[in-house]
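Here the structure comes first, spelled out in structure tokens, and everything after it is commentary.
Residue numbers (the working numbering): 2 to 677.
Pasting the structure below:
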């Protein structure tokens, strides 16, 4: 049986998009040759990034490229917005070779086919965006007939074919890279602003390549919205197999992820979710930072899977109990191509229509002073003798065997181990966490809210029936499996199959991890579940430490990370979101400095999304998710947007932030920040 036939049999016509959902299995792809660094499932997952220096600055571009290579980049992408930049790619490449660097270069092309055709003769790979390679964006809805749509496809073919022929002649690789925010009017008119539209945008160009027997192609489906991004990549894999197209390697990335902690968490939620499913052959983490800081983040995400299959326990395809519903390794009770939250009933403020809750781990921390809660967003003000909280105020604390020494603020509830809770005089405002044995025993329970810690193998027939009848229960789901996200996803599948609507909190614990790895791994494990619609809360357990001061300091990071994961997965918006591009040679202002300034002025606007784009290529389309936009349109000139509509076309950079705030005020969204 051929490789294509095998893959077709794996996918069929259901919801399958990868090899397995129960054990780690990397998707099999063809090999794409990019210089002397081939890509595909027979090779390691590759790391790449993009320069931020003006492409016409040969020495600056070369020196930055070298820094990127030394930080771990295996491919380096450079923008070529016009023919003159494309021409200078040759000078950059030659200077790199003189200095002993053979890293493959990728020309980044958007609106200029002639630049792409030149670059394809000079560098190892070209990237085109099908949304704007042969189309001009007018934001028009067009009612196409079948004949009219075919005429458009013929036009695209005529525009695109010269590049395909050049790539074939010169052995140049190509990435067909769809971006959610820059879909053409044609695609939007027929498919809407959907993952399907993203996939079809790429397939229109890919079918032309296959017709011409050109297969040295990589595909990507990038978006700033992690739900859309994950759904699009999954759907792409399904569609490739359904149409009998080749299994092309995938370039993974979240566009405009942002900076710092937020950018890393958002990247991990999107990229990590796909890596867990065995998808992805090259990764670019897009941070609003210098590009040499991107590669180590991408490498940390990738390295987690280098020995995943050997280190993880295979998750059982079915639970070993006679009456439980069984299914094979890929049957899924959810639609992986469209977000739906798992249906749950409401228990206190969990489940139902409630946002997912954050539980802070204080099991090793004695809550004896008011200051102990400051790091999880709860502040005691001595002068008015009252408590206040910020937008990252935890909803619950888990104190295990160490009850708080004073009455907690109204916005914070306490969870104790069941045996300790049973000894408390106040059994109303504190809540018990049971293990299986204690829960099944005839022990006292809270009248409205109880927690039960379970793993996949705990689901016996007896326990399932008990859970179904207990409407005061919230599950706390955990696993010791190295392949944690699919193990927990498998548990959630079983809850759905058994028609259990009990809310469930995701618990994860990591020992001895650097702070950056903790953020990436927890965002992958929890974020992947949230993307699939699973999880009514997060509990990130602190590592085992002896010093209270160290634990308190960790609690701040863990609390912030939990809220960041919920926001990145689009399940709870608790702070301002900045959709900022990672900068490149097209950028018309200091992106990092401007992003920091806008953040300083607006970070109190909970739930507002602000797009900060260095040039018109990355706006307004690329900030499709944003409520407001700040886009460079010329030297010291900024265009300001409300959604995708330009409000002010040419504002001087010195006053642009003030003008942006005025637009926000006009909409009644602005309020002054509180002093805590």
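Beta carbons are placed, not taken as given, at the ideal position from N, Cα and C, and that holds for glycine. Note that the structure is a prediction, hence the values are computed from the model and not measured.
Cβ neighbours of residue 9 in the same chain (closer than 7 Å, five flanking residues each side left out): Because residue 9 sits at a pLDDT of 35, beneath the cut-off of 50, its placement in the model cannot be relied upon, and the point is left open.
By Cβ distance below 6 Å, which residues in the same chain neighbour residue 173 in space, the five residues on each side in sequence not counted? Taking C-beta separations shorter than 6 Å and ignoring five residues to either side along the sequence, the partners of residue 173 in its chain run 121, following chain order.
Within the chosen definition, does the region 132-152 reach the region 179-197 through at least 3 CB pairs nearer than 8 Å? With a cut-off of 8 Å, the region 179-197 and the region 132-152 count as touching, because enough Cβ pairs lie within range.
Which runs of the alpha helix (DSSP H) at least 4 residues long sit entirely within the region 435-464? Give them in chain order. Runs found: 437-441.
Just mark residue 101 as buried or exposed, buried being the case when its beta carbon has 16 or more other beta carbons within 10 Å. Note on residue 101: under 16 other CB atoms within 10 angstroms of its CB, so exposed under the neighbour-count rule.
Nearest-angstrom Cα separation, counted from residue 483 out to residue 309: Here the C-alpha atom of residue 309 lies approximately 7 Å from the C-alpha atom of residue 483.
State yes or no: is the C-beta of residue 615 nearer than 7 Å to some heavy atom of the ligand NAD? Ligands are entirely absent from the displayed structure, and the ligand NAD is therefore not among its contents.
Residue 468 versus residue 557 - alpha carbon distance: The C-alpha of residue 468 lies about 33 Å from the C-alpha of residue 557.
Of the choices 523, 346, 661, 426, whose alpha-carbon is the least far from that of residue 648? It is 661 whose Cα lies nearest to the Cα of residue 648.
Tell me the residue span of the beta strand (DSSP E) that contains residue 418. Start and end: 414-418.
Smallest Cα separation from residue 614: which of 600, 605, 634? That would be 634, whose Cα lies nearest to the Cα of residue 614.
Kindly indicate which three-state DSSP category residue 180 falls into: helix, strand or coil? The three-state reading of DSSP puts residue 180 in strand, counting E and B together.
8 Å contact criterion, which residue 123 and residue 78 should meet: CB distance rounded: Between residue 78 and residue 123 the Cβ distance is about 14 Å, and since that is not below 8 Å, they are no contact.
Enclosing alpha helix (DSSP H) for residue 192 [first to last residue]: Segment 186-192, the alpha helix (DSSP H) holding residue 192.
CB residue 255 to CB residue 227, shorter than 8 Å? Contact flag set, yes.
For the candidate residues 446, 602, 344, 276, whose alpha-carbon lies nearest to that of residue 486? The candidate whose alpha carbon is nearest that of residue 486 is 276.
So, with DSSP's three-state summary, where would you put residue 328? Confidence at residue 328 is low in this model, with a pLDDT of 44, below 50, so the placement of that residue should be treated as unreliable; the coordinate-derived value is given next. Secondary structure at residue 328: coil, using DSSP grouped into helix, strand and coil.
4 or more residues per run - each alpha helix (DSSP H) lying fully within the region 81-109: Segments of the alpha helix (DSSP H) lying fully in the region 81-109: 84-99.
Look at the Cβ atom of residue 218, then the Cβ atom of residue 266, and state whether they are nearer than 8 Å. Note that the C-beta distance between residue 218 and residue 266 is not below 8 Å.
Rounded distance between the beta-carbons of residue 401 and residue 377, thought under 8 Å: Residue 377 to residue 401, Cβ: 16 Å. No contact.
Can you list, in chain order, the residues of its chain with a C-beta nearer than 6 Å to that of residue 577? Leave out the 5 residues immediately preceding and following it. The answer, listed in chain order, is 603, 604, 606, 609.
Output the distance between the C-alpha atoms of residue 323 and residue 456, rounded to the nearest integer angstrom. Note on residue 323: pLDDT 38, under 50, position unreliable in the model; the coordinate value appears next. Taking the straight line from one Cα to the other gives about 18 Å.
Three or more beta-carbon pairs under 8 Å between the region 523-540 and the region 559-572, yes or no? Taking 8 Å as the limit for Cβ pairs, the verdict is that the region 559-572 does touch the region 523-540.
How long is the line joining the alpha carbons of residue 50 and residue 295, rounded to whole angstroms? Straight-line Cα distance between these residues: approximately 7 Å.
DSSP beta-bridge partners for residue 247? Answer is none; residue 247 lacks a bridge partner.
Excluding the 5 residues preceding and the 5 following residue 87 in the sequence, name in chain order all residues of the same chain whose CB lies nearer than 6 Å to its CB. The residues are 81, 116, 119, 120.
Report buried or exposed for residue 143, applying the criterion of at least 16 other Cβ atoms within 10 angstroms of its Cβ. The residue in question, residue 143, is exposed, as its Cβ has fewer than 16 Cβ neighbours within 10 Å.
Going by the beta-carbon positions, is the gap between residue 365 and residue 514 smaller than 8 Å? No; because the gap between Cβ atoms is not below 8 Å, this pair is not in contact.
Closest Cα partner of residue 537 within the set 346, 305, 553: Answer by Cα proximity: 346.
In angstroms, rounded to a whole number, what distance separates the CA positions of residue 326 and residue 460? Interpretation of residue 326 is limited by its pLDDT of 42, a score under 50 that renders its predicted location unreliable; no figure is taken from the coordinates.
Alpha carbon to alpha carbon, how far is residue 25 from residue 165? Give it in angstroms, no decimals. Approximately 35 Å, taken between the alpha carbons.
How would you write the range of the alpha helix (DSSP H) that residue 522 sits in, first residue to last? It spans 516-532 - the alpha helix (DSSP H) in which residue 522 sits, taken as one unbroken run.
Using DSSP with H/G/I as helix, E/B as strand and the rest coil, what is residue 703? Residue numbering for the chain in the displayed model covers 2 to 677; residue 703 lies beyond these limits and cannot be assessed.
With three or more beta-carbon pairs closer than 8 Å as the criterion, would you say the region 357-376 touches the region 402-418? Look at the beta carbons and you see the region 357-376 touching the region 402-418: at least three pairs across the two are nearer than 8 Å.
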